[in-house]
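These notes are about the structure you will find just below.
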């Protein structure tokens with residue numbers, strides 16, 4: 001089995017209004033050192049053993065989990081030994 005951590009973020013070229021709102025809120029709370037905030041998504045998937053884990057994850061991300069027009073994704077794969 002595999003545990004996969006997927007991180008999805010807006011591309012650098014895409015405006016992040018939600019991140020801007022969080023930055024402004026942090027500044028009003030006197031956290032003036034915050035330069036930029038980018039909001040993203042985090043997912044954990046558990047997969048059964050498969051021949052091509054990376055290929056399957058790439059497929060899932062590009063077809064459903066991420067909007068590849070405006071979002072980038074990366075992932076970490078960890079093999080899990082059942083107890």
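In full-length UniProt numbering, the protein residues as written are 1 to 83.
We treat Cβ as the ideally placed atom computed from N, Cα and C, and that holds for glycine.
- Can you pull the DSSP bridge partners for residue 74? Beta-bridge analysis with DSSP links residue 74 to 7.
- Message: Can you list, in chain order, the residues of its chain with a C-beta nearer than 7 Å to that of residue 79? Leave out the 5 residues immediately preceding and following it.
- Response: Within the same chain, residue 79 has close Cβ partners 2.
- Taking residue 11 as the reference, which of 76, 40 and 55 has the closest Cα? The shortest C-alpha separation from residue 11 is found at 40.
- Message: So, for residue 34: in the same chain, excluding its five sequence neighbours on each side, which residues have a beta-carbon less than 8 Å away from its beta-carbon?
- Response: The beta carbon of residue 34 sits closer than 8 Å to those of 23, 26 and 27, all from its chain and outside the five residues before and after it, given in chain order.
- Distance, residue 49 Cα to residue 73 Cα: Residue 73 and residue 49: Cα-Cα distance of roughly 22 Å.
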